[in-house]
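2 protein chains.
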Amino acid sequence: MKMTIKDIAREANVSVTTVSFVLNGKAEKISAETIRKVKAIADRNNYVPNVQAVGLVTRKTKTIGLIIPDIENMFFSALAKHIETAFLSQGYNIFLMNTNDILARDLESIELLNNRNVDGIIISLSKEATQGKNMDKIYTALKMTETPFVIVDRDIPRDDCAKVLNDDVFGGYLATKHLIDRGHMNIACITGPMTVSSAAQRLQGYRQAIEEAGIAWNEELVLEGDYQFESGYKHASTLLKKDITAIFACNDLMAYGVYRACLEIDYRVPQDISLVGFDDLMFSSILEVPLTSVKQNVVELSEKIVATMLGQFNGEPIDMHLMIKPSLTERSSVADAKRSV
Amino acid sequence: MKMTIKDIAREANVSVTTVSFVLNGKAEKISAETIRKVKAIADRNNYVPNVQAVGLVTRKTKTIGLIIPDIENMFFSALAKHIETAFLSQGYNIFLMNTNDILARDLESIELLNNRNVDGIIISLSKEATQGKNMDKIYTALKMTETPFVIVDRDIPRDDCAKVLNDDVFGGYLATKHLIDRGHMNIACITGPMTVSSAAQRLQGYRQAIEEAGIAWNEELVLEGDYQFESGYKHASTLLKKDITAIFACNDLMAYGVYRACLEIDYRVPQDISLVGFDDLMFSSILEVPLTSVKQNVVELSEKIVATMLGQFNGEPIDMHLMIKPSLTERSSVADAKRSV
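Just so you know, the protein sequences line up as chains A and B, in that order. The numbering used here applies: residue 680 is where the first sequence begins, and numbers increase by one. The numbering used here applies: residue 680 is where the second sequence begins, and numbers increase by one.
Structural data, given as structure tokens:
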């Protein structure tokens, strides 16, 4: 039985990544003690280095690793499909990995893809990875691969890496401004979970539009949801008892919950209440009252990701931090506000 | 510049797979002439064999390749997530590849995953791959990897490989029988595209239930859709002019089109027309009139896939052809048929 890198890691009581770095001569960040220990174990056991990790390290494989947090979330599955299509047209194949929003899966996926010699890694981080110290862990893991990478959609506050992000602040502003332009003054907002950066940013955009219009800020009209149908339904049931004429639901799923709440108290959209969503899911166009919604520009996002990655491959100067502006898809869920009597 | 397997393939004018087989001693199906040619080129150029393909060939990597036809189709994204979860619990990671229903992408994905030494391949074939001679191509490509594989959801008529399939005939029967049990006699069917096996099988189940109940077969009540919203809408507009009391839409998306057609002529579901869908998408539960729909058992499907794969790894006897039975999720879109007057 041949010794593997995992066996060495176990014996040396260090991570597989550490062993890999030592044996591949990428050990700048690793202690001299660990390097000595790992090398001794490898020598003693006649470890045959893995060509996959050593000999091929400079050879291009024309493959890209793509790590996403939730394959069942329609935004991410659409994004994955577009990224893949864009890379295919450049002759690259995509290995996709799904993390279920778990940091450990982010880290494992990075290692597995790196071991498979992908030319680059695109990552939309797990929720866990965007919090506190985890941001450093994920950043270090990405840097240590010495493989070009691009951070997509979910951000970490590091300047020295390539990012292509959605401009969620602008999206929240766009939704709210649209309601204000139709004469609405009392606009409620059902937010996403505040631990997720997109949720905080959409709310920021809402606030910006409210303040710009000189409308008094009313904390009571903002309720924190969790991006799921049920929270839209529950919060709408509360909000519809207040003096409001419009709701901005920070994603479409929650907007569907608002429709349900309206139905139960015989409110009509848009006659009795105007509604704007966010994401522009396919289902929003086939609803009985099609939903006006903010659309993330997945095509442009994908194209910029490819350009950013290829730029890194070719050593060209690239724009490190790109923000992609969403647009508003207007349908039938918004009406002019009734004049107060 | 080191010579790669691709360079050899080009010089010998054979496929990369062929070169790989020759150099890895898996050349049973390859002509002596080709073997000689490939080996000569490799020797002449001092080709250093790729440990990835040679030395590691017997080593387990604890990774599985999963190939699906459309990541944006919610059935497949749910299936991918469940398969991944089931394999993770056994210590396996999943590399996912999406083919956009293109045969060439099936073949390329098989080769790429095989080159990355996955322990097994799970494949839900592209539409193209399930037609005519393509079935042989895909079967040969899978066999030549000498890696255990499991065919999932979409079938090819070969007996000597492991398959885990949905029982779509039973699903179609279940939907139609439910309508018959509620007193419906004039039941229309909007099918999927007849080139796809699931569509033909769901129709077969419909026919089986109709004939079992002794209802006269009426060809005019069966219209071929394409699994998209628009075809459900268009065909429903035609069917609702006929003497029917119920529609079986062979997927939920087309059922949503039926709702839209009903709305336009002021028909109510289920008072004026009963409706059953297929797939049980999440959206079916949040509709104004929640949809009764056939639910594929993705959890059982995933578990059987894992069991079939692990059985192959361990050389255990496995059930080669498993059919997973769907169930019916009853909601509010079916009412008792009105008695004729």
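Backbone N, C-alpha and C define an ideal beta-carbon position, used for all residues, glycine too.
Comparing the C-beta of Val-736 of chain B with each C-beta of chain A, is any distance below 8 angstroms?
-> Here the model assigns Val-736 of chain B a pLDDT of 40, short of 50, so the residue's position is not dependable, and the following value carries that caveat. By this cut-off, Val-736 of chain B is not an interface position.
Quick check: the stretch 756-771 of chain B against the stretch 1005-1016 of chain B, are there 3 or more CB pairs under 8 angstroms?
-> no
Would you list the residues sitting across from Cys-868 of chain B in a DSSP beta bridge?
-> B:Val-901, B:Phe-927
Quick one: residues in its chain with C-beta nearer than 8 angstroms to the C-beta of Thr-737 of chain B, no 5 flanking neighbours on either side, listed in chain order?
-> For Thr-737 of chain B, the pLDDT reaches just 47, beneath the cut-off of 50, and the residue's location in the model is therefore unreliable, although a value from the coordinates is still provided. If we look at Thr-737 of chain B and ignore the five residues flanking it on each side, it has no Cβ neighbours.
Could you tell me whether the stretch 826-845 of chain B touches the stretch 785-804 of chain B, where touching means 3 or more Cβ pairs closer than 8 angstroms?
-> yes
What span of residues does the alpha helix (DSSP H) with Phe-962 of chain A cover, start to end?
-> Note, Phe-962 of chain A: premise wrong, no alpha helix (DSSP H); not H, not E.
With DSSP as the reference, label Asn-772 of chain A as helix, strand or coil.
-> strand
Does the beta carbon of Leu-821 of chain B come closer than 8 angstroms to any beta carbon on chain A?
-> no
Note down the Cα distance separating Ala-888 of chain B from Asp-860 of chain B, rounded to an integer number of angstroms.
-> 10 angstroms
If you measure beta-carbon to beta-carbon, which residues of the stretch 933-958 of chain B are closer than 9 angstroms to chain A?
-> Tyr-935, Gly-936, Tyr-938, Arg-939, Leu-942
How would you list, in chain order, the residues of chain A whose beta-carbon sits under 8 angstroms from the beta-carbon of Ser-910 of chain B?
-> Going along chain A, no residue has its Cβ under 8 angstroms from Ser-910 of chain B, so there is no contact; the nearest lies around 13 angstroms.
Taking Cβ-Cβ distances below 8 angstroms as the criterion, which residues of the stretch 761-795 of chain B are in contact with chain E?
-> This model lacks chain E altogether; the protein chains it does include are A and B.
Compute the distance between the beta-carbons of Ser-972 of chain A and Thr-917 of chain A, then report whether it is under 8 angstroms.
-> no
Fully enclosed by the stretch 846-895 of chain A, which alpha helix (DSSP H) runs are 4 residues long or longer?
-> 847-860, 876-891
Phe-1092 of chain A: contacting residues in chain B (beta-carbon distance under 7 angstroms) = Residue coverage of chain A in this structure runs from 680 to 1020, which leaves residue 1092 of chain A outside it and unanswerable.
Proximity winner among A:Ala-688, A:Ala-892, A:Asn-793, relative to Asn-724 of chain A (alpha-carbon distances) | A:Ala-688
Residue of B:Arg-715, B:Tyr-885, B:Ala-892, B:Gly-850 minimising C-alpha distance to Leu-900 of chain B = B:Tyr-885
Specify whether the stretch 863-870 of chain A and the stretch 902-922 of chain A touch according to this definition: at least 3 beta carbon pairs, one from each stretch, less than 8 angstroms apart.
-> yes
Below-8 angstroms beta-carbon distance, Ile-802 of chain B vs any chain A residue | no
Out of B:Leu-980, B:Glu-690, B:Thr-742, B:Ala-934, which has the shortest C-alpha to C-alpha gap to Ser-907 of chain B?
-> One detail in the question is off: residue 907 of chain B reads as Gln in this sequence, not Ser. For Gln-907 of chain B, the nearest C-alpha among the options comes from B:Ala-934.
Could you spell out the range, first to last residue, of the beta strand (DSSP E) harbouring Met-999 of chain A?
-> Neither: Met-999 of chain A is in no beta strand (DSSP E) and is coded neither H nor E.
If we ignore side chains and look at the alpha-carbon of each, how far apart do Gln-880 of chain B and Asp-834 of chain B end up?
-> 11 angstroms
Determine the DSSP secondary structure at Ser-710 of chain B, reduced to helix, strand or coil.
-> coil
Would you kindly report the start and end of the unbroken alpha helix (DSSP H) that includes Ser-910 of chain A?
-> 908-918
Selected residue, minimal CA-CA separation from Val-831 of chain B, among B:Gly-893, B:Asp-847, B:Val-843 | B:Val-843
By how many angstroms is the C-alpha of Lys-760 of chain B removed from the C-alpha of Thr-778 of chain A?
-> 10 angstroms
What number of angstroms, rounded off, separates the C-alpha of Tyr-818 of chain A from the C-alpha of Gly-744 of chain A?
-> 16 angstroms
Thinking C-beta only, is Leu-954 of chain A closer than 8 angstroms to Leu-942 of chain A?
-> no
So what does DSSP say about Lys-974 of chain A, is it helix, strand or coil?
-> strand
Pick from B:Asp-998, B:Lys-822, B:Tyr-938, B:Val-978: whose alpha carbon is nearest that of Phe-766 of chain B?
-> B:Val-978
Does Glu-967 of chain A have its Cβ less than 8 angstroms from a Cβ in chain B?
-> yes
Cut-off 7 angstroms between Cβ atoms - residues of its own chain near Val-1002 of chain B, not counting five sequence neighbours on either side | A small correction: the amino acid at residue 1002 of chain B is Met; Val does not occupy that position in the sequence shown. If we look at Met-1002 of chain B and ignore the five residues flanking it on each side, its Cβ neighbours are Leu-844, Asp-846.
Determine the chain A residues that contact Ser-694 of chain B at a beta-carbon separation under 7 angstroms, and present them in chain order.
-> Within 7 angstroms Cβ-Cβ: nothing; Ser-694 of chain B doesn't reach chain A, min ~16 angstroms.
Could you give the DSSP three-state label for Gln-950 of chain B: helix, strand or coil?
-> coil
Per DSSP, what kind of secondary structure is Leu-804 of chain B in: helix, strand or coil?
-> coil
Taking Ser-756 of chain B as the query, report the chain A residues whose CB atoms sit under 7 angstroms from its CB, ordered along the chain.
-> Ile-750, Glu-751, Ser-756
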